[in-house]
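Just so we're on the same page, the numbering used here is the position in the sequence shown counted from 1, plus 366. For every residue, glycine included, the Cβ atom is placed at its ideal position computed from N, Cα and C.
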Amino acid sequence: MPCPEKEKKDIKSLTLPQLKEELAQMGEKPFRAGQIYRWLHWGARGGQGGDSRRRAVSFGEMTDISAALAGKLDERFYINSLSIRRKLVSRMDGTVKYLLGLSDGNSVEAVVMRYKYGNSLCVSTQVGCRMGCRFCASTLAGWVRNLTPSEMLDEVYTAEADTGEKIASLVLMGIGEPLDNYDNVLRFLEILSSPEGENLSLRHVSLSTCGLVDRIYDLMKLKLGLTLSISLHAPNDRIRGQTMPVSQRYGMDALLKACRDYFAYTGRRISFEYALIDKVNDSPQCARELAERLRGMPCHVNLIPVNPVKERGYQRGSRQNILHFQKLLTGLGINATIRRELGSDINAACGQLRREAEQNQIDASQKRGDLPC
Ligand code: SAH
């Protein structure tokens, strides 16, 4: 099993100022940092002249630096890359779901969704998750580790290289809790939005959180322009507590206050995710209570028929019930839509593809008697 290159630094996780600093320490001219950075990150976007085929996997490919410098870089740094372990393509709408292999043998998922305005990528931010939401497959086997900035960038780069198409927007809604990997996620977004990199405006990024209130305030202060998406899934703490352990740490009053503060400070409307679970949070009373809690807040509610996870037994209610819930909310002045389901023919719920693969790997390695890395 491959082990990460422990001695060397991860060059793709460095922002441009950090790379300049590293090169200065090596006695190199600062402009070299820009050259190397573009070899690693430059994407073809909006007349920038970048070329995503250029994303180098070795220093030897960087034709505008000397062989001597390439050699020095190779001694200090490694260039991260991911492998595609599995790929499922929807026959219905072209959605592509990837199981991506990391250099330490772990894997995460990324999903390309095709919309009229361009491709959107659902990105994972951690290997596993420790938030424990009961309806979610990503958390069943717990948290393994945080993803590095380069690993998150490589989700985007791999999807672009494999489809041959640009990613127009991102949702941080894959495996993991982005605000539980705060520093790496911010560094990932900084590199992704840099003009010398993918140059993706953060206006096209949605960050989804189960509600880590302290981190929401930290994020708010940065005014990044991204959309904050809150996984609410209940109208009160009693029901939220049944499915989301995080609600014991941060109650709904504090969470909704943070959302109001976030809007007041950034001017960005909040998006709420609400997975409708049969007989848990989908009654007309829940819709009325939710509308009451959100009254006056500039927001949008995304209703998601829950994806059944076989280990859990939660079910979705009837289509009629879901439509009724939406109608009640909109009637009470809350902007609510039902999320269009993409790739339903390949629809392993979030985290299930990885879970399946890990189970198979455990079975196989037990047979082989492998030792972990
Ligand atoms: N940890 C972050 C982001 C990852 S989960 C968060 O909690 O927001 C992305 C979204 O999918 C969240 O809204 C999550 O609650 C939702 N989700 C997870 N499992 C689901 C399931 N089985 N059915 C419907 N939505 C689910």
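### Task
Keeping to the same chain, check which residues put their C-beta closer than 6 Å to that of HIS666; ignore five residues upstream and five downstream.
Sequence-distant Cβ neighbours of HIS666 in its own chain, meaning closer than 6 Å and more than five residues away, are SER637, ASN701.
#### Entry: Residues of its chain near ASN472, where Cβ-Cβ distance is below 7 Å and the 5 sequence neighbours each way are ignored
Spatial neighbours of ASN472 in its own chain (CB-CB distance under 7 Å, excluding positions within 5 residues in sequence) are listed in chain order as VAL493, VAL510.
### Query
Comparing alpha-carbon positions, which option in ASP549, ILE605, LEU406 lies nearest LEU420?
The sequence shown places Arg at residue 420, not Leu. Cα-wise, what sits closest to ARG420 is LEU406.
### Message
Give me, in chain order, the residues of the same chain whose beta-carbon lies closer than 6 Å to that of LYS463; leave out the 5 immediate sequence neighbours on both sides.
### Response
So the qualifying residues of the chain are LEU454, VAL477, ILE712.
### Query
With a cut-off of 8 Å, do at least 3 Cβ pairs link the segment 500–509 to the segment 518–525?
Because the criterion of three Cβ pairs below 8 Å is not met, the segment 500–509 and the segment 518–525 do not touch.
### Query
Say the cut is 8 Å; is the CB of MET618 nearer than that to a heavy atom of ligand 1?
No, the Cβ of MET618 stays beyond 8 Å of every heavy atom of ligand 1.
#### Entry: GLY318, enclosing alpha helix (DSSP H) - first and last residue
Coverage of the chain is limited to positions 367 through 739, which leaves residue 318 absent and any answer about it impossible.
#### Entry: Beta bridge counterpart(s) of ASN647 as assigned by DSSP
Within the DSSP bridge table, the entry for ASN647 names no partner.
### Query
On the three-state DSSP scale, how would you describe VAL423?
DSSP, reduced to helix, strand and coil, places VAL423 outside both helices and strands of the structure shown, so it counts as coil.
### Query
Can you list, in chain order, the stretches of the beta strand (DSSP E) that have 3 or more residues and sit fully within the segment 524–578?
Runs found: 533–538, 571–575.
#### Entry: LEU737 versus PRO396: straight-line alpha-carbon distance, rounded
Low confidence applies to LEU737: its pLDDT is 33, below 50, so where it sits in the model is not reliable enough to give any reading.
#### Entry: Straight-line Cα distance separating SER574 from LEU466
Computed Cα separation, rounded: 21 Å.
### Query
Can you name the residues that DSSP bridges to ASP376?
Note: ASP376 sits in a beta bridge opposite TYR444.
### Task
With distances taken Cα to Cα, identify the nearest neighbour of LEU590 among VAL571, ASP580, ARG626.
Ranking VAL571, ASP580, ARG626 by Cα distance to LEU590 puts VAL571 first.
### Query
So, are the CB atoms of LYS485 and ASN512 less than 9 Å apart?
Reading the sequence as shown, one finds Asn at residue 485 and not Lys. Taking the C-beta atoms as reference points, ASN512 is found no nearer than 9 Å to ASN485.
### Message
If you measure between the beta carbons of LEU622 and TYR640, is that distance less than 9 Å?
### Response
In this structure, TYR640 does not lie closer than 9 Å to LEU622 by Cβ.
### Task
Quick one: residues in its chain with C-beta nearer than 8 Å to the C-beta of LEU592, no 5 flanking neighbours on either side, listed in chain order?
Cβ within range, chain order: LEU555, LEU568, ARG569, VAL571, SER572, LEU573, ARG634.
### Task
Could you pull out every residue in the same chain whose Cβ sits closer than 6 Å to the Cβ of SER456, ignoring the five residues on either side in sequence?
Here the set comprises GLY709, ASP711, ILE712.
### Three-state class that DSSP yields for MET618 in the structure shown
If DSSP states are grouped into helix, strand and coil, MET618 belongs with the helices.
### Message
Nearest by alpha-carbon distance to GLY460: which of GLU531, THR632, THR524 is it?
### Response
Of the candidates GLU531, THR632, THR524, GLU531 places its Cα closest to the Cα of GLY460.
### Query
Can you tell me the Cα-Cα spacing of ARG626 and GLY697, whole angstroms?
Distance between ARG626 and GLY697, taken at the CA atoms: about 22 Å.
#### Entry: Identified DSSP bridge partners for GLY484
Paired residues: TYR481.
### Query
If MET428 and ALA422 are in contact, beta carbons under 8 Å, what's the gap, nearest whole angstrom?
Contact between MET428 and ALA422 holds, since their C-beta atoms are separated by about 6 Å, short of 8 Å.
### First through last residue of the beta strand (DSSP E) which encompasses LYS453
Going by DSSP, LYS453 is part of the beta strand (DSSP E) stretching over 449–455.
#### Entry: Contact under 9 Å by Cβ, VAL612 with CYS499
The answer is yes: Cβ separation under 9 Å.
### Where the alpha helix (DSSP H) through LEU695 begins and ends
Note, LEU695: alpha helix (DSSP H), 685–697.
#### Entry: Nonlocal neighbours in the same chain, by C-beta distance under 8 Å from ALA723, ignoring five residues either side
Counting only Cβ-Cβ distances below 8 Å, and skipping sequence neighbours, we find ARG451, ARG452, LEU465, SER473.
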